[in-house]
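In this note's numbering, the protein residues as written are 659 to 827.
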Amino acid sequence: MKMSESLEQAFNQQITLEFEASIVYRQLAIKLDEMDLPGMAAWLRHQADEEIVHANKFIDHVSDRGNHAEIGAIAAPAVKVESVLDAFEASLKHEERVSAAIRELYRAADKEGDLDSRPLLNWFLEEQVEEEATVSEIIGRVKLIKDDGPGLLRLDEELGKRPATSTEA
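What follows is the structure, given as structure tokens:
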């Protein structure tokens, strides 16, 4: 069943936001690479790839419904990173923005009685809880470590072990 024009537009805004999230994570990875923390940078690059997977899920949903998926304009990310904590706090802030947008998209679909979007949006609601919890845990650990070099290097090594995934869903 085809989506309404307004719902198509809302989904396209979410697609754009997912690609923006990927770019934010890439920029954060660059910053941590510059801090000589390759494990954390790799974790952030994997997160960037995961955001592309998310965008692809939305694109497929829109296209499968007979609508037109479209990526909107994306500005360069404005992230200021002076520390590891800054990087992960920026990550959490963006995840919270994505979560709010998905909840709003769910409300828009629900308002239109669009039952066909519920399975996808339910998956994303659960995914965002996990995303925020993971980044919050990393922030908590960074706060415990503070500026302890060996502690940061241990966390860097641990985060660097995250398995790579494809950008295809």
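Every residue, glycine too, gets a C-beta built ideally from N, C-alpha and C.
None of the values given here were measured: they were computed from a predicted structure.
Cβ-Cβ distances below 8 Å link Glu815 to Gly697 in the same chain, with the five nearest sequence neighbours on each side left out; the list follows chain order. With contact defined as three or more Cβ pairs closer than 8 Å, the stretch 751 to 761 and the stretch 806 to 823 are not in contact. Excluding its 5 nearest sequence neighbours in each direction, Ile796 has C-beta neighbours in its own chain below 6 Å: Phe746, listed in chain order.
With a threshold of 16 other beta carbon atoms within 10 Å, Glu709 meets it and is buried. The stretch 661 to 731 is shown to contain whole alpha helix (DSSP H) runs of 4 or more residues at 663 to 692, 696 to 722, in chain order.
Three or more beta-carbon pairs drawn from the stretch 669 to 686 and the stretch 756 to 768 are found closer than 8 Å, and the two stretches are therefore classed as touching.
By alpha-carbon distance to Ser775, the top candidate from Val720, Glu785, Gln786, Gln685 is Val720.
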